[in-house]
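Trainee:
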Amino acid sequence: MNEGFKRHIHYISLYQGKIFSIIILGGLIYGIFLTTVINNPPDEIIRYLETILAIIPCSLITNYIRYQIDFCLSMGCTRRNIYLSIYILTAELLVESLAVFLLMKMIASTSITVDIIRSFVISELLSATLGVLNGVLIRRFGFAKMALILVIIYGGLAVFALNSFFLMTEFLSSPSSWLLIIGGILILYGLIVTLFGKRTIDRM
Amino acid sequence: MENAKDLMPLQCKNIIKKYKEKEVLHNIDLTLESGKIYGLIGRNGAGKTTLLSILAAQCPATSGDITLGKETVWENQQTLSHICFSRELNPVAESAIASMKVKDYLKAASIYYPHWDKEMADRLVKTFELEPGKKILKLSKGMLSMLTIILALASKADYTLLDEPVAGLDVFMRDKFYKLLLEEYEKTGRTFLISTHIIDEASPVFEEVIILKDGAILLKENTEDLLSRAVHISGREDAVDAAVKGLKTYRPEKIGRSKGITVLMENGQEFQSSGEISVQPVSLQNLFIALCGDEN
């Protein structure tokens with residue numbers, strides 16, 4: 372690992388810590404509210420937690436691409452280190468949120484199956500992909516022009532995250548045609564992100 | 015830090031920068047030797063910030079190469095660790111620095127710059143009376159300039175590029191900046207390239223001056239040598255015309271039968287001296303106006 376990349380990862384870890392604290396604190400308050408005020412069953416709470424965990428990569432990566440890249444470049448970071456950090460951030464978030472999710476499942480004494488893990492991993496990866504796409508699109512078009520796209524993306528993401536477990540289980544076991552369409556669109560997103568993202572960062 | 019005077023030069027060759035179809039830098043060739051303070055002057059839109067960004071590999075050139083010694087600068091962390099570009103801060107609401115506090119910004123800088131001098135940064139924060147806990151979004155223009163100065167000086171980068179570091183600073187703070195700059199230069203021999211619009215005030219600090227006009231380098235020369243070649247000649251029109259015959263003249267001004275004109279002589283050239291003309295030295299700012307002002 373080169374020195375510059377080490378320094379960049381050090382900075383990202385500080386930035387990530389700040390965003391994480393905000394989201395986790397928010398999630399904690401939300402969780403306390405659910406358990407004490409609404410008194411939801413553990414399964415329901417885990418589903419809400421899933422929502423929060425799916426939003427974390429999306430928000431964090433969107434924020435990183437939208438706000439942080441220029442700053443990191445201005446501090447002498449190379450573009451190659453920035454691309455690498457996006458991939459690492461995605462992988463790290465996936466591992467971290469999976470660990471939290473499994474821990475919650477264990478606390479709730481619910482059985483953990485391969486399908487549950489698989490569906491969770493896929494939903495997190497898709498959420499991270501949407502995060503990259505959001506960041507890239509907002510960079511390129513600004514918030515005003517992006518308002519409609521954002522509403523669609525975040526609306527879709529909220530619905531998707533809320534139902535990710537159910538949808539993904541369905542999708543993996545008996546894929547119906549409309550689920551295939553959603554999957555196709557998301558794969559297309561991934562391709563656009565790869566093309567758009569690199570070009571956008573290159574042009575900065 | 016060891017003396018940086020022996021470092022290899024920072025060079026750019028055939029740099030062209032286009033934004034879509036508009037070419038903003040035309041075939042720039044520039045060599046910055048280590049251990050000098052360079053002044054970069056040019057009118058608004060001449061391409062100063064773009065050139066500085068390209069030199070620091072923060073903005074890609076459309077074509078051309080930037081090298082530090084034999085090593086390329088673009089995407090090379092090794093060479094980039096020798097360069098700091100302290101650009102004007104513009105903390106709009108939707109930017110990373112807007113949500114940062116002064117101390118967060120300096121903490122980030124300490125992570126990215128390998129030779130960061132924390133003790134110096136802390137001392138300068140006190141000197142400039144900045145509040146470490148204050149949000150950058152709430153800083154005045156002058157305070158933002160102070161922060162860019164702290165970044166530039168404490169980075170200890172061998173090649174430090176500053177984009178209008180004194181914008182918004184009052185005369186006392188500007189004076190403080192020039193003193194700090196010279197102190198640091200004497201101590202370390204670092205190379206500074208400073209763009210500014212406050213030319214006369216900064217000119218005693220510049221060992222060499224680079225004038226950028228319409229995206230091209232008009233001249234790059236030792237400041238003293240350049241000013242020794244420039245004079246302003248005034249007097250009766252026919253006497254002035256006779257005195258400057260065959261010389262490069264700029265910005266003629268006529269009032270009735272009197273005329274004033276700026277002359278930039280080539281080495282070895284001289285004007286025709288006579289008792290009917292008055293000859294005055296030209297300041298760098300007036301020479302810049304003569305060279306880069308409107309033809310009319």
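Protein chains in written order, with the working numbering: chain L, 372 to 575; chain X, 15 to 310. For every residue, glycine included, the Cβ atom is placed at its ideal position computed from N, Cα and C.
What does Ile97 (chain X) touch in chain L if you count any residue whose Cβ is under 9 Å from its own?
Mentor: Here residue 97 (chain X) refers to the residue found at position 83 when the second sequence is read from its first residue. What Ile97 (chain X) touches in chain L: Gly447.
Trainee: Taking Cβ to Cβ, would you say Leu175 (chain X) is nearer than 8 Å to Ala70 (chain X)?
Mentor: On the second sequence, position 161 is the one that residue 175 (chain X) refers to. On the second sequence, position 56 is the one that residue 70 (chain X) refers to. For Leu175 (chain X) and Ala70 (chain X), yes; Cβs fall inside 8 Å.
Trainee: Look at the alpha carbon of Ile393 (chain L) and the alpha carbon of Thr422 (chain L), and state the distance between them as a whole number of angstroms.
Mentor: The residue given as residue 393 (chain L) occupies position 22 in the first sequence. The residue given as residue 422 (chain L) occupies position 51 in the first sequence. Looking at the two C-alpha atoms, the distance is approximately 15 Å.
Trainee: Applying the 10 Å Cβ sphere with the 16-neighbour rule, what's the burial state of Asn28 (chain X)?
Mentor: Taking the second sequence and counting its residues from 1, one reaches residue 28 (chain X) at position 14. The residue in question, Asn28 (chain X), is exposed, as its Cβ has fewer than 16 Cβ neighbours within 10 Å.
Trainee: Taking C-alpha atoms, which residue in X:Val139, X:Val245, X:Ser292 lies nearest to Tyr264 (chain X)?
Mentor: Sequence index remark: in the second sequence, residue 264 (chain X) carries index 250 (1-based). Here the closest residue by C-alpha is X:Val245.
Trainee: Could you give the distance in angstroms between the alpha-carbon of Cys306 (chain X) and the alpha-carbon of Ile247 (chain X)?
Mentor: Taking the first residue of the second sequence as position 1, residue 306 (chain X) is located at position 292. Taking the first residue of the second sequence as position 1, residue 247 (chain X) is located at position 233. Roughly 18 Å separates the two Cα atoms.
Trainee: Are any of the Cβ atoms in chain X nearer than 8 Å to that of Gln387 (chain L)?
Mentor: By 1-based counting over the first sequence, the position of residue 387 (chain L) is 16. By this cut-off, Gln387 (chain L) is not an interface position.
Trainee: Mind pulling the alpha helix (DSSP H) runs of 4 or more residues that sit fully within the segment 478-508 of chain L?
Mentor: The segment 478-508 of chain L contains no whole alpha helix (DSSP H) run of 4 or more residues.
Trainee: What are the start and end residues of the alpha helix (DSSP H) that includes Tyr126 (chain X)?
Mentor: Numbered from 1 along the second sequence, position 112 holds the residue referred to as residue 126 (chain X). Where Tyr126 (chain X) is concerned, the enclosing alpha helix (DSSP H) stretches over 116-126.
Trainee: For Leu232 (chain X), which residues of its own chain have a beta-carbon under 8 Å away from its beta-carbon, when the five flanking residues on both sides are left out?
Mentor: Along the second sequence, one-based indexing puts residue 232 (chain X) at 218. The residues are Ile225, Leu226, Leu305, Cys306.
Trainee: Can you check whether the C-beta of Ser109 (chain X) is within less than 8 Å of a C-beta belonging to chain C?
Mentor: In the displayed structure, chain C is absent; the protein chains listed are L and X.
Trainee: Quick one: Cα of Phe472 (chain L) to Cα of Val492 (chain L), how far?
Mentor: Residue 472 (chain L) sits at position 101 when you count from the first residue of the first sequence. Residue 492 (chain L) sits at position 121 when you count from the first residue of the first sequence. Straight-line Cα distance between these residues: approximately 10 Å.
Trainee: Could you work out which residues of chain X lie near Tyr382 (chain L), taking near to mean beta carbons separated by less than 8 Å?
Mentor: On the first sequence, residue 382 (chain L) is found 11 positions in, with the first residue counted as 1. Chain X residues near Tyr382 (chain L): Ala122, Ile125, Tyr126.
Trainee: So, with DSSP's three-state summary, where would you put Val139 (chain X)?
Mentor: The count along the second sequence starts at 1 and reaches residue 139 (chain X) at position 125. Three-state DSSP puts Val139 (chain X) in a helix.
Trainee: Taking just the CA atoms, how far does Phe191 (chain X) sit from Ser209 (chain X)?
Mentor: Residue numbering aside, residue 209 (chain X) sits at position 195 when the second sequence is read from its first letter. Residue numbering aside, residue 191 (chain X) sits at position 177 when the second sequence is read from its first letter. Ser209 (chain X) and Phe191 (chain X): Cα-Cα distance of roughly 14 Å.
Trainee: Taking DSSP as the reference, what is the three-state secondary structure of His381 (chain L)?
Mentor: Numbered from 1 along the first sequence, position 10 holds the residue referred to as residue 381 (chain L). Helix, per DSSP.
Trainee: Answer yes or no: does any C-beta atom of chain X fall closer than 8 Å to that of Arg451 (chain L)?
Mentor: As a working mapping, residue 451 (chain L) is identified with position 80 in the first sequence. By this cut-off, Arg451 (chain L) is an interface position.
Trainee: Expressed to the nearest angstrom, what Euclidean distance is found between the alpha-carbon atoms of Ser384 (chain L) and Lys132 (chain X)?
Mentor: Here residue 384 (chain L) corresponds to residue number 13 of the first sequence, with the count starting at 1. Here residue 132 (chain X) corresponds to residue number 118 of the second sequence, with the count starting at 1. Using only the alpha carbons, I get a separation of about 20 Å.
Trainee: Check whether the segment 29-36 of chain X and the segment 65-81 of chain X touch, using three or more Cβ-Cβ pairs below 8 Å as the test.
Mentor: They touch, by the three-pair rule.
Trainee: What residue from X:Asp189, X:Leu54, X:Gly229, X:Ser292 has the CA that sits closest to Thr141 (chain X)'s CA?
Mentor: Reading the second sequence from its first residue, position 127 is the one you call residue 141 (chain X). Taking only the C-alpha atoms, the option nearest Thr141 (chain X) is X:Asp189.
Trainee: Kindly say whether Met15 (chain X), judged by its beta-carbon, lies nearer than 8 Å to any beta-carbon of chain L.
Mentor: Taking the second sequence and counting its residues from 1, the one referred to as residue 15 (chain X) is at position 1. Its pLDDT being 44, under 50, Met15 (chain X) is placed unreliably in this model, and the coordinates cannot settle the point.
Trainee: Note down, in chain order, all residues in the segment 178-207 of chain X with a beta-carbon under 8 Å from any beta-carbon belonging to chain L.
Mentor: Cβ contacts with chain L: none found.
Trainee: Look at the alpha carbon of Thr63 (chain X) and the alpha carbon of Ile426 (chain L), and state the distance between them as a whole number of angstroms.
Mentor: By 1-based counting over the second sequence, the position of residue 63 (chain X) is 49. By 1-based counting over the first sequence, the position of residue 426 (chain L) is 55. Their backbone Cα atoms lie some 38 Å apart in a straight line.
Trainee: Kindly list, in the order they appear in chain X, the residues whose Cβ is closer than 7 Å to that of Arg378 (chain L).
Mentor: The count along the first sequence starts at 1 and reaches residue 378 (chain L) at position 7. The contacting residues are Ile125, Tyr126.
Trainee: Let me know the secondary structure DSSP gives Pro295 (chain X) once reduced to three states.
Mentor: In the second sequence, the residue the question calls residue 295 (chain X) occupies position 281. Correct three-state label for Pro295 (chain X): strand.
Trainee: I think Lys50 (chain X) touches Glu222 (chain X), with their Cβ atoms under 8 Å apart; what is that distance to the nearest whole Å?
Mentor: As a working note, residue 50 (chain X) is residue 36 in the second sequence. As a working note, residue 222 (chain X) is residue 208 in the second sequence. Rounded, the Cβ-Cβ distance is 6 Å, consistent with contact.
Trainee: Taking the straight line between their C-alpha atoms, what separation do you get for Gln72 (chain X) and Cys26 (chain X)?
Mentor: In the second sequence, counting from the first residue as 1, residue 72 (chain X) sits at position 58. In the second sequence, counting from the first residue as 1, residue 26 (chain X) sits at position 12. Cα to Cα, the separation comes out at about 14 Å.
Trainee: Taking only beta-carbon atoms, is Glu495 (chain L) less than 8 Å away from chain X?
Mentor: As a position in the first sequence, residue 495 (chain L) is number 124, starting the count at 1. It does not: the Cβ of Glu495 (chain L) has no partner Cβ on chain X nearer than 8 Å.
Trainee: Say the cut is 7 Å; is the CB of Val116 (chain X) nearer than that to a heavy atom of the ligand MN?
Mentor: Judged by which ligands are present, the structure shown has none, so any question about the ligand MN falls away.
Trainee: Strictly below 9 Å CB to CB, what residues from chain L border Leu94 (chain X)?
Mentor: Locating residue 94 (chain X) in the second sequence gives position 80, where the first residue counts as 1. The answer, in chain order, is Gly375, Gly447, Cys448, Thr449.
Trainee: Are the CB atoms of Lys117 (chain X) and Pro146 (chain X) nearer to each other than 8 Å?
Mentor: As a first step, residue 117 (chain X) is located in the second sequence; it is residue number 103 there, counting from the start. As a first step, residue 146 (chain X) is located in the second sequence; it is residue number 132 there, counting from the start. Cβ distance < 8 Å, so Lys117 (chain X) and Pro146 (chain X) count as in contact.
Trainee: Provide the residue span of the beta strand (DSSP E) that contains Leu46 (chain X), from first to last.
Mentor: To locate residue 46 (chain X), count along the second sequence from 1; it is residue 32. Run containing Leu46 (chain X): 36-46, per the beta strand (DSSP E) assignment.
Trainee: Name the residue from X:Asn90, X:Ile269, X:Glu198 whose alpha carbon lies nearest to the alpha carbon of Phe206 (chain X).
Mentor: Translated into positions along the second sequence, residue 206 (chain X) becomes position 192. Comparing Cα positions, the closest option is X:Glu198.
Trainee: Can you tell me whether Gly260 (chain X) is buried or exposed, with buried defined as 16 or more other CB within 10 angstroms of its CB?
Mentor: Taking the second sequence and counting its residues from 1, one reaches residue 260 (chain X) at position 246. Classification of Gly260 (chain X): exposed, given that the 10 Å Cβ count is below 16.
Trainee: Quick one: Cα of Lys476 (chain L) to Cα of Val466 (chain L), how far?
Mentor: Looking up residue 476 (chain L) in the first sequence gives position 105. Looking up residue 466 (chain L) in the first sequence gives position 95. Those two C-alpha atoms are separated by around 15 Å.
Trainee: What in chain X is Cβ-close to Thr431 (chain L), meaning under 7 Å?
Mentor: Here residue 431 (chain L) refers to the residue found at position 60 when the first sequence is read from its first residue. Residue 431 (chain L) is actually Leu in this sequence, not Thr. Correct list: empty, because the minimum Cβ distance to chain X is about 13 Å.
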